[in-house]
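Novice:
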Amino acid sequence: MQKIILATTSPYRIEALKFLGIDFEAEGSKVDESQAGRKDPEELVKTLSRLKAEAVAKNHSDAIVIGMDSVGCFNGKILEKPKSKQEAFERLKSLSGNGFEFYTGIHMVNTSTQAKVSKIVKSELFMRELSETEINQYLEQDSNYNTYALGFDPLKNISSSFITKLVGSYNNVLRGIPLEVIPEMLSGVSYKL
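Here my numbering is used: the sequence shown runs in plain steps of one and ends on residue 213.
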């Protein structure tokens with residue numbers, strides 16, 4: 021049976037894919053994300069997920085490689101990971117009381133047949149009004165705020181109360197991997213579960 025390789029070292033995505041009971045390996049892709057350019061969010065995640073899958077696929081002759089990328093988007097603007105606590109504060113303040121989108125691109129390639137399949141999953145989120153005190157409390161509790169495109173981790177205790185409504189894939193937002201599309205996509209590259 022072909023091996024499956026997840027083209028990431030993200031602990032969230034690795035843990036999430038384990039939920040499907042699939043044996044796989046994880047391998048970082050080392051893609052320069054600036055080469056994707058500044059596109060609309062759907063084109064950006066589509067391009068980056070493909071580049072990540074291709075970067076890992078070239079090292080394997082008989083594997084299914086899964087590349088992924090996610091971005092947040094607010095008022096038509098792609099949200100970069102905050103570079104500082106102040107930037108994270110401003111991000112959360114701007115998202116407070118508003119709706120925004122979270123996109124994940126998934127690209128799979130079967131390196132023995134060259135079969136490829138791509139998908140983009142969009143989720144919409146709505147955040148309740150946050151006080152400046154709540155934002156500061158969260159940022160004091162989570163020193164990893166700069167690793168999340170949205171500026172917060174929806175799984176943390178305090179920040180799990182920020183979201184009032186989610187339309188779309190729950191796993192897309194919480195894990196960065198929409199698990200519900202993975203089996204069908206694997207079938208699309210001739211992998212039998």
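For each residue, glycine too, the CB sits at the ideal point set by N, CA and C.
(1) For Y158 and G117, what's the separation of their Cα atoms in angstroms?
(2) Starting from the Cα of S49, find the closest Cα among A77, V65, Y32 and E35 and give me that residue.
(3) Go ahead and pull the three-state DSSP assignment for G208.
(4) Among the candidates G196, K66 and G171, whose CA atom is the shortest distance from the CA of E35?
(5) DSSP beta-bridge partners for G87?
(6) Which same chain residues end up closer than 6 Å to K136 when comparing Cβ atoms and leaving out the 5 residues on each side of it in sequence?
(7) Measure the CB-CB distance between V91 and L64 and report whether it falls below 8 Å.
(8) Do you know whose CA, among D173, S207 and I202, lies nearest L26's CA?
(9) For D173, is the classification buried or exposed, using 16 other Cβ atoms within 10 angstroms of its Cβ as the cut-off for buried?
(10) For V19 and K142, I'd like the C-alpha separation in whole angstroms.
(11) Assuming I126 and I98 are in contact, meaning their beta carbons sit under 8 Å apart, how far apart are those beta carbons, in whole angstroms?
(12) When we look at the beta-carbon of Y168 and count the other beta-carbons within 10 Å, is it buried (16 or more) or exposed?
Specialist: On the basis of the supplied data:
(1) The alpha-carbon atoms of Y158 and G117 are separated by roughly 16 Å.
(2) Of A77, V65, Y32 and E35, the residue nearest in Cα terms is A77.
(3) For G208, the secondary structure class from DSSP, reduced to helix, strand or coil, is helix.
(4) Per the Cα distances, G196.
(5) DSSP lists H127 as the beta-bridge partner residues of G87.
(6) These residues qualify, in order along the chain: V129.
(7) Yes, these two residues count as a Cβ contact at 8 Å.
(8) When each option's Cα is compared against that of L26, the closest is I202.
(9) Classification of D173: buried, given that the 10 Å Cβ count is 16 or more.
(10) Given that the chain is displayed from residue 21 to residue 213, the structure contains no residue 19 and the question cannot be resolved.
(11) Actually they do not touch by this definition, with Cβ atoms about 18 Å apart.
(12) It is buried - the Cβ of Y168 has at least 16 other Cβ atoms within 10 Å.
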